[in-house]
Amino acid sequence: MSARGKARKRALDILFEAELRGEDPLKILAERVERQEPPVNEYTSTIVEGVARHHARIDELITTYAEGWTLDRMPAVDRNLLRGGTYELLWIPDVPEGVVISEWVHLAGELSTDESPQFVNGLLARFKQLKPSLTL
């Protein structure tokens with residue numbers, strides 16, 4: 001797994017843990033950075049901080065475009081995969097969009113249900129298509 005792939009996985013772990021614990025992901029991130037076990041990559045921090053900063057808009061987009069699914073009905077891991085992928089796709093311009101989608105779909109395949117990769121791929125691909133018209 002690439003360094004950025006590991007950073008994405010670590011960001012997902014932090015976002016997922018924060019949701020399960022009902023805590024601010026920035027607090028969990030700070031704990032991980034302080035402990036440095038395992039070390040927190042700068043890109044992990046970028047993703048977690050970006051998701052936290054744009055959380056309301058990201059959840060609004062997911063809710064609007066996830067046809068037939070509410071955030072509450074989605075598995076927690078899928079919600080957080082989509083949050084990380086949406087942030088990276090829409091707010092980090094230096095990573096190719098295809099790479100972003102592929103990496104988050106790969107994580108969905110490793111960590112979630114059999115249907116999750118297709119679901120994550122479909123929604124992130126939709127955001128890629130709509131990106132020029134989305135107000136961020």
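The opening position of the sequence shown corresponds to residue 1 in full-length UniProt numbering, with each subsequent residue numbered one higher.
Using N, Cα and C, we set each Cβ at its ideal position, and we do this for glycine too.
Bear in mind that the values here come from a model prediction, so they are computed numbers and not experimental data.
Taking Cβ to Cβ, would you say Phe119 is nearer than 9 angstroms to Asp78?
yes
Run the CB neighbour count on Leu12, radius 10 Å, all protein chains shown included, and call it buried at 16 or more, exposed below.
buried
Which residues in the same chain as Val33 place their Cβ atom closer than 6 angstroms to its Cβ, once the five residues preceding and following it in sequence are excluded?
Val40
Identify whether Asp114 lies in helix, strand or coil by the three-state DSSP scheme.
coil
Among Leu89, Trp69 and Ser116, which one has its Cα closest to the Cα of Pro132?
Of the listed residues, the one whose Cα sits closest to Pro132 is Leu89.
Return the chain-ordered ranges of every alpha helix (DSSP H) run that is complete within the UniProt domain "NusB/RsmB/TIM44" (6 to 128) and spans a minimum of 4 residues.
25 to 35, 42 to 53, 55 to 65, 76 to 91 and 97 to 111
C-alpha distance - Glu67 paired with Leu61, whole-angstrom precision
About 11 angstroms.
By how many angstroms is the C-alpha of Leu15 removed from the C-alpha of Gly122?
21 angstroms
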